[in-house]
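Sequential numbering of the sequence shown, starting at 703, is according to this note's numbering.
First the structure, in the form of structure tokens, and then the observations on it.
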Amino acid sequence: PIIRDNVLIGIITASDILRLLGSGEMFDCLVTGNAREVFEVPIRTLIKRDVLFTTSDVDIGEAASLMLDENVGSLPVLEDGELKGIITERDFVRAIAD
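Written as structure tokens, this is what we have:
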């Protein structure tokens, strides 16, 4: 999550980073040993501003359904517009295993 003044303004996921690394120009940089150029890509170019989120009063089943429906691996949890946490696929696995 990207936060400014306790307010969620965007998100960058592992999928976003992998998509960048697999893109033509960046992939070529990695293959040719020019990884430094990849690490100089500004973070702001990866930020997604339209963030899917949930609130702490939503039950686990509803959050899981939302994640499945929207094909996302995590959901920021907001209260009064402020980020309070993030729920991930791993959290669901942990809950089932416990």
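All residues carry an ideal CB built from backbone N, CA and C; glycine is no exception.
How would you call Leu713, buried or exposed, if buried means at least 16 neighbouring beta carbons within 10 angstroms? A small correction: the amino acid at residue 713 is Ile; Leu does not occupy that position in the sequence shown. Ile713 should be labelled buried.
From Gly819 to Ala737, what distance separates their C-alpha atoms? The question about residue 819 has no answer here: the residues shown for the chain are numbered 703 through 800.
Inter-stretch contact (C-beta, 8 Å, three-pair minimum) for the segment 783–792 and the segment 703–712: yes
If you draw a straight line from the C-alpha of Ile719 to the C-alpha of Leu732, how long is it? 13 Å
Report the three-state DSSP secondary structure of Val743 (helix, strand or coil). coil
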